[in-house]
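One structure is given below, encoded as structure tokens.
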Amino acid sequence: MQFERVGVGVVGAGNISDQYLSHLTTFPDFDVLFVADLDAERAASQAKKYGVPASGSLAELLTNDRIQLVINLTIPAAHVEVSLAALNRGKHVWSEKPMALDRSGAAQLLETAKKNGVRLGIAPDTFLGAGIQTGLNAIRSGSIGKPLTALTIFQTAGPDSWHPDPAFLFAKGAGPLFDMGPYYVTTLVQIFGKATRVTATSSKSQENRTVGSGPKKGTSFPVEEPTQITALIEFASGASAVSIFSFEAAHEVTGFVEITGSEGAITLPDPNNFDGESVMYQAGQEQKKLTAVGNKHGRGLGALNMMQSFLAGDDHIASANLGNHVLDILISISESAARKESVAVVSNIDKNAALDPDWDPLRRSS
Ligand SMILES: NC(=O)c1ccc[n+]([C@@H]2O[C@H](COP(=O)([O-])OP(=O)(O)OC[C@H]3O[C@@H](n4cnc5c(N)ncnc54)[C@H](O)[C@@H]3O)[C@@H](O)[C@H]2O)c1
Numbered sequence: 005m006q007f008e009r010v011g012v013g014v015v016g017a018g019n020i021s022d023q024y025l026s027h028l029t030t031f032p033d034f035d036v037l038f039v040a041d042l043d044a045e046r047a048a049s050q051a052k053k054y055g056v057p058a059s060g061s062l063a064e065l066l067t068n069d070r071i072q073l074v075i076n077l078t079i080p081a082a083h084v085e086v087s088l089a090a091l092n093r094g095k096h097v098w099s100e101k102p103m104a105l106d107r108s109g110a111a112q113l114l115e116t117a118k119k120n121g122v123r124l125g126i127a128p129d130t131f132l133g134a135g136i137q138t139g140l141n142a143i144r145s146g147s148i149g150k151p152l153t154a155l156t157i158f159q160t161a162g163p164d165s166w167h168p169d170p171a172f173l174f175a176k177g178a179g180p181l182f183d184m185g186p187y188y189v190t191t192l193v194q195i196f197g198k199a200t201r202v203t204a205t206s207s208k209s210q211e212n213r214t215v216g217s218g219p220k221k222g223t224s225f226p227v228e229e230p231t232q233i234t235a236l237i238e239f240a241s242g243a244s245a246v247s248i249f250s251f252e253a254a255h256e257v258t259g260f261v262e263i264t265g266s267e268g269a270i271t272l273p274d275p276n277n278f279d280g281e282s283v284m285y286q287a288g289q290e291q292k293k294l295t296a297v298g299n300k301h302g303r304g305l306g307a308l309n310m311m312q313s314f315l316a317g318d319d320h321i322a323s324a325n326l327g328n329h330v331l332d333i334l335i336s337i338s339e340s341a342a343r344k345e346s347v348a349v350v351s352n353i354d355k356n357a358a359l360d361p362d363w364d365p366l367r368r369s370s
């Protein structure tokens, strides 16, 4: 017997909503029923663009009993409030990252989802795409032996030169660590498992930056978060990773993820993308490119995996515990750099699960 299509409501009709709505509206297991935003016109315009039948406020969305899943695409500062409101109405929630700005907000979300018997899933879901999944499967099959160390690099000059309104990317809760860190650290946790300790340094070269494009060009805004972070992350397995997150680099290097194992090394594609090539290295042999195998869909995959898993009675992959552990690592990195000492990471994750490479998000579940 086929289950009823899952009624979906999207909150937050901003920049990233196009990527979500363009995929969510193509999944046959989902029925996108509502788009909500503080800005009613923006919500209405996105609903119209994607053929969603209704739009309005979050309060209106929450009173719709057909909506079982809320996709929270609001700004980080609103994530906890919006997710809690939905969880407390007995709705499942998929939230963009970071799930909360601090550990207590994240803990409240985990408890509320549990209390209400509903699912909570946390972005990113880029690692469910063919690109990273192909690399993860190669590592899981033992092709580099035991994974021992990693190097990840995300460094740019910062988005202030091209973004028309970049202040929020330098405000508390953002910066390169919290904005880009989730992609890299989620991938590392998928490979190495639970982190136990971090040691980090951070700096910023400017107290203020200037908007470089658009109507606000030439205006200045405060830099609240460090713009250069180097972190050493230690894992319970004994493995370790060095990660660089920077908005201070004239030499742009992004999406660099190299894993070295006892019998080889592999570079993975950009963890902020769903596709891309992994490359294998074995001493004395030619490098080997791996063609990405798996689904080539985009944002929304994590929410679909969550609801299909819920209906099948299985665990979902981009889980609340995974999101919470990644946030805990990022906060610990920030604390370590500020306090100039190592910080223990105490949160836990469930066992990492592999995604079926034959999973087709466009196939209706039975
Ligand atoms: N823009 C990107 O490229 C990108 C990529 C990946 C993830 N994200 C994540 O997606 C989230 C949203 O980013 P964005 O770039 O779309 O931001 P945005 O500022 O463009 O859009 C956010 C929208 O949420 C609405 N909103 C804020 N608080 C609300 C509330 N309480 N109730 C209802 N609506 C509310 C705003 O009015 C706005 O329309 C962030 O968490 C960000 O980290 C963004």
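So the mapping is simple: our numbering equals the position in the sequence shown, first residue as 1, plus 4.
Glycine residues also receive a C-beta, built at the ideal position from the N, C-alpha and C atoms.
Values in this document were obtained by computation on a predicted structure and should not be read as measured data.
Check: residue i C-beta below 7 Å from any heavy atom of ligand 1
| i | result |
| --- | --- |
| Val-15 | yes |
| Thr-190 | no |
| Arg-40 | In the sequence as presented, Arg is not what sits at residue 40; that position holds Ala. Within the cutoff, so yes. |
| Pro-163 | no |
| Glu-85 | yes |
| Glu-256 | no |
| Asn-68 | no |
| Ser-21 | yes |
| Ile-79 | yes |
| Ser-279 | It is worth fixing the name first, because residue 279 is Asp in this sequence and not Ser. False, no ligand heavy atom lies under 7 Å from that Cβ. |
| Leu-173 | no |
| Glu-252 | no |
| Gly-18 | yes |
| Lys-101 | yes |
| Leu-62 | yes |
| Asp-319 | no |
Contact set for residue i: own chain, Cβ-Cβ below 6 Å, skip 5 residues either direction
| i | result |
| --- | --- |
| Met-5 | Only weak support exists for where Met-5 lies, its pLDDT of 48 falling under 50; the value from the coordinates is given anyway. Excluding sequence neighbours, Met-5 sits near nothing in its chain. |
| Pro-361 | Val-297 and Gly-298 |
| Asn-141 | none |
| Ser-165 | Gly-216 |
| Ala-287 | none |
| Asn-120 | Leu-91 and Gly-94 |
| Asn-356 | Gln-194 |
| Val-86 | Val-15, Asn-76 and Thr-78 |
| Ser-241 | Phe-196 and Gly-197 |
| Ser-59 | Val-39, Ala-47, Ala-48 and Ala-51 |
| Pro-168 | Ser-217 and Gly-218 |
| Phe-7 | Leu-315 |
Candidates the options: closest to residue i by CA position
| i | options | result |
| --- | --- | --- |
| Ala-161 | Pro-170, Leu-155 and Ile-136 | Pro-170 |
| Gly-149 | Ile-263, Val-347, Thr-156 and Leu-294 | Ile-263 |
| Asn-76 | Asn-68, Arg-70, Ala-243 and Leu-88 | Leu-88 |
| Trp-98 | Ala-253, Asn-325 and Ala-178 | Asn-325 |
| Asp-319 | Gly-125, Ala-111, Ala-48 and His-83 | Gly-125 |
| Val-227 | Ile-270, Val-257, Gly-179 and Ser-61 | Gly-179 |
| Ser-266 | Leu-272, Pro-273 and Tyr-285 | Tyr-285 |
| Ala-243 | Leu-192, Phe-249 and Lys-95 | Leu-192 |
| Ser-369 | Ala-342, Ser-313 and Ser-338 | Ser-313 |
| Ser-323 | Lys-95, Gly-121, Arg-93 and Ala-127 | Ala-127 |
| Pro-151 | Ile-321, Leu-359 and Val-261 | Val-261 |
| Ile-20 | Asp-354, Arg-303 and Thr-231 | Arg-303 |
| Gly-18 | Glu-211, Glu-45, Phe-7 and Glu-8 | Glu-45 |
| Pro-230 | Ile-321, Ala-154, Asn-212 and Thr-223 | Asn-212 |
| Val-84 | Asn-68, Ala-111 and Ser-61 | Ala-111 |
| Arg-70 | Arg-107, Val-10 and Lys-118 | Val-10 |
7 Å Cβ shell around residue i - same chain, five flanking residues per side excluded
| i | result |
| --- | --- |
| Pro-365 | Phe-31, Asn-299, His-301, Leu-305 and Leu-308 |
| Leu-105 | Pro-80, Ala-81 and Gly-177 |
| Ile-333 | Val-189, Ala-199, Val-202, Ile-237 and Val-349 |
| Gly-16 | Asp-41, Asn-76, Leu-77 and Thr-78 |
| Ser-282 | Thr-138, Gly-139, Ala-142, Ile-270, Thr-271, Leu-272, Pro-273 and Leu-294 |
| Gly-185 | Phe-249 and Leu-334 |
| Asp-22 | none |
CB-CB length for residue i against residue j, believed under 8 Å
| i | j | result |
| --- | --- | --- |
| Leu-28 | Val-12 | 6 Å |
| Ser-373 | Ile-233 | No answer is possible for residue 373: it lies beyond the span of the chain, which begins at 5 and ends at 370. |
| Pro-275 | Thr-138 | 13 Å between Cβ atoms; not a contact. |
| Gly-135 | Asp-279 | 5 Å |
| Met-310 | Arg-123 | 5 Å |
| Ile-337 | Leu-113 | Their Cβ separation, rounded to whole angstroms, is 21 Å, which puts Ile-337 and Leu-113 out of contact at 8 Å. |
| Ala-253 | Ala-154 | Between Ala-154 and Ala-253 the Cβ distance is about 19 Å, and since that is not below 8 Å, they are no contact. |
Within-8 Å CB hit, residue i to chain B
| i | result |
| --- | --- |
| Ala-358 | No chain B is present in this structure, which holds just one protein chain. |
Contacts around residue i, its chain only, beta-carbon distance under 8 Å, and the 5 residues preceding and following it disregarded
| i | result |
| --- | --- |
| Pro-163 | Pro-170, Leu-173 and Phe-251 |
| Leu-25 | Val-14, Val-36, Val-39, Gln-50, Lys-53, Tyr-54 and Val-56 |
| Asn-352 | Lys-198, Asn-325 and His-329 |
| Ser-340 | Val-202, Thr-203, Ala-204, Ala-235, Ser-346 and Val-347 |
| Asn-277 | Thr-130, Gly-133, Gly-135 and Gly-259 |
| Asp-43 | Ala-17 |
| Ser-224 | Asn-212, Arg-213, Thr-214 and Val-215 |
Any non-hydrogen atom of ligand 3 within 7 Å of residue i CB
| i | result |
| --- | --- |
| Asn-328 | In the structure shown, ligand 3 is absent; the only ligands present are ligand 1. |
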